[in-house]
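The sequence shown runs 26 to 597 under the numbering used here.
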Amino acid sequence: MKVSKMLFKTLRETPAEAETVSHQLMLRAGLMRKLASGVYSYLPLGLKSLHKVEQIIREEMDAAGAQELLMSAILPAEYYQESGRWDVFGPEMFRLKDRNDRDFCLGPTHEEIFTQTVKSEVSSYRQLPLTLYQIQTKYRDERRPRFGVMRSREFMMKDAYSFDRDEAGLDASYQQMYKAYCRVFDRLGLDYIVVDADSGAMGGSGSQEFMVKSESGEAVIAFCPHCNYAANDEKAACVPEKMAPEAPKKLNKIHTPKAGTIEELVEFLGTDSKHFAKTLIYVAAGEPIAVMVRGDREVNETKLANLLGVNEQDLALAEADVVTQVTGARVGFAGPIGLSVSVYCDLEIAEMYNYVVGANDTDYHYENVNASDFTPAKIADLRTITNGDVCPRCGQAVETTRGVEVGHIFKLGTKYTEALDCTYLDENGKAATPIMGCYGIGVNRTLAAVIEQYNDENGIIWPVSAAPYQAVVVPVNCSNEEQMQLAEKVYNELKAQGIEVMLDDRNERPGVKFKDADLIGIPVRITAGKMAGEGIVEYKLRSQQESIDLPAEEAIQKAVDWIRGELKFEEK
Ligand code: ATP
Ligand code: MG
């Protein structure tokens with residue numbers, strides 16, 4: 026492709042709205058443009074890379090025996106009503122009505138629709154197992170669209186669904202997808218870890234997420250460098266810290282004026298936050314409840330929602346007026362003693378002696394609180410793991426890091442097949458319910474994650490597998506005939522050898538062309554400059570600083586060999 030003919034505009038300045046490197050570079054390199062919050066248009070360069078990612082996913086899905094099909098994005102409400110998710114999705118679901126007042130949504134994910142397809146197309150055990158997938162547009166009205174295409178409201182997802190006759194079959198289908206996912210992310214050169222993830226209050230017997238390590242990731246991962254345990258912080262099990270037992274002292278109400286936060290209390294009483302228990306009032310599915318964690322810990326709302334059996338979106342910290350109604354005190358003075366709502370305690374509370382809690386009385390706390398002073402509804406793991414916490418598997422210290430969730434694999438069970446009454450006839454002619462797995466990859470998010478890991482101060486450094494073009498040929502001065510001729514020759518020969526190549530034939534200063542080539546991150550650059558008359562070009566990889574001068578033929582062969590080598594993917 027000749028750059029002079031391309032829809033191509035790079036930006037020198039970093040757009041103010043873009044917080045993450047990938048978002049900044051996708052805008053600056055002209056890969057995409059914003060249309061509205063969380064809504065983007067892909068320009069030609071960006072679309073080429075997006076297609077590369079899509080194709081890698083497609084190849085690995087096909088190789089794993091999954092079959093591609095394509096569903097609509099506009100979907101009738103009834104299937105989501107049958108599964109119950111018409112309500113569960115809440116405001117995240119884009120809803121619309123047709124001219125006859127029938128309800129539709131823009132598909133946020135397609136479990137129901139694939140189940141419906143299997144229900145209508147599969148009748149016998151002979152047709153199972155079956156794994157189906159599509160690469161298709163999804164819509165979610167995210168509460169906080171951010172980081173460009175990392176969290177957008179329209180995005181491409183590869184979603185796959187497996188249907189098996191038994192648990193062993195599901196395990197095998199799941200393992201196949203696991204391996205295919207590893208190959209996809211390996212081919213893209215991503216540094217990722219696979220973590221145990223929460224399966225939600227909705228059931229399911231296991232789930233893992235593929236996390237690309239990145240500072241800008243929204244997810245927090247706990248991993249153990251000693252035993253390789255890895256889980257996201259919604260799931261990571263917390264081991265309670267043991268405290269030295271103490272003989273119970275006498276419960277005592279103390280005046281703590283204006284000490285409504287843990288920091289203020291620490292300051293006021295001069296003890297550390299491990300000797301306090303926070304009591305937080307939540308509203309869960311309309312009911313106020315209280316949750317206790319040690320003063321230096323955070324409540325994990327996913328674990329709490331799972332314990333209560335409610336959806337996470339039906340769980341929120343209570344507003345100040347509700348707190349006052351429940352406790353009779355201002356926010357900051359809640360405590361478990363004498364409270365009329367159920368109190369859920371983190372495991373660590375059971376390890377504490379003679380500690381301090383709010384007294385349900387403004388400006389008062391109790392000190393010397395012990396287990397016998399109140400009765401919890403339940404004691405469970407309700408806190409979020411932190412750096413240095415004890416590994417639940419091996420007991421050494423875990424580390425936490427940030428990650429971008431690019432893929433999710435999930436053993437679903439029969440939730441959707443049962444809800445939609447999807448059955449097949451087994452070997453004995455009896456109706457049986459297929460067991461499902463579901464497997465998603467965010468295509469755009471994966472593309473952004475690649476940029477997040479492959480860049481420097483000058484721009485993107487594409488791995489060949491995702492590069493919009495594999496090579497760029499730059500004539501330094503387009504009005505110099507020798508340079509132009511040599512550049513065109515190199516360009517044509519590379520093209521003839523199947524290389525995806527750009528010719529930067531714009532009448533721009535060489536500095537501009539080099540800056541652009543670096544910004545858009547094309548892996549190989551071949552420059553025809555001063556030595557063009559002798560048939561010599563400069564050969565440079567975007568990932569390396571050095572360049573070398575070579576006869577054009579040699580440079581072409583070197584480029585072809587290197588690109589082919591990079592694309593050859595051997596299983597790890
Ligand atoms: P998140 O926790 O980040 O919202 P999710 O759990 O809602 O993700 P899934 O429903 O498992 O995501 O969707 C499968 C994949 O789709 C995710 O792993 C992610 O890569 C991608 N994805 C989900 N939401 C978005 C979004 N708003 N924009 C871009 N990609 C997304
Ligand atoms: Mg989400």
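In this text, a Cβ means the ideal position worked out from N, Cα and C, and glycines have one as well.
**OP:** Kindly give me the distance between the Cβ atoms of P116 and D184, rounded to whole angstroms, as I take these residues to be in contact under 8 Å.
**Re:** Going by Cβ atoms, the distance from P116 to D184 rounds to 22 Å, so no, they are not a contact pair.
Subject >> alpha helix (DSSP H) runs wholly inside the region 68-153, at least 4 long, in chain order >> reply: 69-88, 102-108, 110-113, 136-146
Subject >> Ranges of the beta strand (DSSP E) found wholly within the region 265-309, counting only runs of at least 3 >> reply: 277-280, 302-309
Original post:
Within 10 angstroms of its Cβ, does K597 collect 16 or more other Cβ (buried), or is it exposed?
Top reply: Caution applies to K597, whose pLDDT of 45 falls short of 50 and renders its modelled position unreliable; the model cannot decide the point.
**OP:** Report the option in A88, E93, K122 whose CA atom is closest to the CA atom of L100.
**Re:** K122
Subject >> V348 (DSSP reduced to helix, strand or coil) >> reply: helix
Original post:
If we count the other Cβ atoms within 10 Å of its Cβ and call it buried at 16 or more, is P488 buried or exposed?
Top reply: buried
**OP:** Using 7 Å as the cut-off, classify the Cβ of F180 as near or not near the heavy atoms of the ligand ATP, replying yes or no.
**Re:** yes
Original post:
Does the distance from the CB of I404 to the CB of A384 come in under 8 Å?
Top reply: no
Original post:
Under the three-state reduction of DSSP, which class applies to M26: helix, strand or coil?
Top reply: coil
Original post:
Cβ of P548 within 8 Å of Cβ of A473?
Top reply: no
Original post:
Hey, would you say the C-beta of M175 is under 7 Å away from at least one heavy atom of the ligand ATP?
Top reply: yes
Subject >> Neighbourhood of A98 by C-beta distance below 8 Å, restricted to the same chain and skipping five residues each side >> reply: L131, G132, Q161, T162, K163, Y164
Original post:
Considering only the beta carbon of each residue, do L407 and V318 sit closer than 8 Å?
Top reply: yes
Original post:
Can you pull the DSSP bridge partners for T425?
Top reply: A247
Original post:
Given 8 Å as the limit, is there contact between the region 450-463 and the region 254-268, that is, 3 or more CB pairs closer than that?
Top reply: no
Original post:
Would V356 pass as a contact of G285 if the rule is Cβ separation under 8 Å?
Top reply: yes
Original post:
When the Cβ atoms of the region 455-471 are set against those of the region 190-199, are three or more pairs found closer than 8 Å?
Top reply: yes
**OP:** Starting from the N-terminal side, write out each stretch of the beta strand (DSSP E) that is 3 residues or longer and does not extend beyond the region 371-403.
**Re:** 380-383, 389-394
**OP:** Identify whether K455 lies in helix, strand or coil by the three-state DSSP scheme.
**Re:** coil
Subject >> For R171: DSSP bridge partner residues >> reply: R176
Original post:
Does the Cβ of G432 have 16 or more other Cβ atoms within 10 Å, making it buried, or fewer, making it exposed?
Top reply: buried
**OP:** Determine the contact status of M202 and I476, defining contact as a CB-CB distance below 8 Å.
**Re:** no
Subject >> CB-CB length for I485 against L50, believed under 8 Å >> reply: 5 Å
Original post:
In the region 521-577, which residue ranges form an unbroken beta strand (DSSP E) of at least 3 residues, counting only runs that do not cross its ends?
Top reply: 526-528, 549-553, 561-566, 572-576
Subject >> Closest residue to P250 among D221, K565, C419, T296 (Cα-Cα distance) >> reply: C419
Original post:
Cβ atoms of E84 and S108: under 8 Å apart, would you say?
Top reply: no
**OP:** Reducing DSSP to helix, strand and coil, say where L332 ends up.
**Re:** helix
Subject >> Through-space distance from D541 to A54, alpha-carbon basis >> reply: 8 Å
**OP:** Using three-state DSSP, classify Q49 as helix, strand or coil.
**Re:** helix
**OP:** Tell me whether G590 sits in a helix, a strand or coil according to DSSP, three-state version.
**Re:** helix
Subject >> Pair within 8 Å by beta-carbon distance, S490 and I81 >> reply: yes
Original post:
Leaving out the 5 sequence neighbours to the left and right, which residues in its chain are closer than 8 Å to M268 when beta-carbon positions are compared?
Top reply: K299, E376, M377, Y378
Original post:
If we ignore side chains and look at the alpha-carbon of each, how far apart do V348 and R427 end up?
Top reply: 33 Å
Subject >> Own chain residues within Cβ distance below 6 Å of S367, not counting five before or after >> reply: I314, A402
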